[in-house]
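Numbering (full-length UniProt numbering), first residue to last: 1 to 119. Remarks on the structure that follows.
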């Protein structure tokens, strides 16, 4: 119902900066890029909700941050609003990609998180 926005905040400052080759027909370019090699630091990710009902919310940075759990080395695969716009669903995945959770979070109470399915 467009009363709130969900967004991810990604901080890659701890991820190692590496140089990779871009090979073209007539040249090779060296490009710097952050890349989280296995066993090295990965990006820090956060999932937030901000209400648009209060026009000052964005200006005042009134963000409701979702508790993604103690494990910080994760992926957020997908984020979707449920039809009633009162819940947000997100897929939480372990970095080794052996666990995938479907979780629901209440917009009114972001501390209220339900794990609906684990694969």
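Built from N, CA and C at the ideal position, the CB exists for glycine as well.
Within the region 5-49, the complete beta strand (DSSP E) segments of 3 residues or longer fall at 17-23, 28-34, listed in chain order.
Two segments are said to touch when three or more pairs of C-beta atoms, one from each, lie closer than 8 angstroms; by this definition the region 60-75 touches the region 41-51.
Shown here, residue 89 sits in a strand according to DSSP, grouped into three states. Closest in alpha carbon position to residue 12, among 19, 76, 23, 33, is 33. Taking the C-beta atoms as reference points, residue 104 is found nearer than 9 angstroms to residue 89.
In the DSSP assignment, residue 113 falls within the unbroken beta strand (DSSP E) covering 113-118. Each of 74, 36, 23 was checked against the Cα of residue 98, and the nearest Cα belongs to 74.
Contact between residue 91 and residue 102 is confirmed by a C-beta separation of about 6 angstroms, below the 8 angstroms threshold. Leaving aside the five residues that flank residue 77 on each side, the residues in its chain whose CB is nearer than 6 angstroms to its CB run, in chain order, 91, 93. Apart from sequence neighbours up to five positions away, the residues of its chain that approach residue 114 with a beta-carbon distance below 6 angstroms are 104, ordered along the chain. Of the candidates 100, 108, 109, 106, the residue whose Cα lies closest to the Cα of residue 119 is 100.
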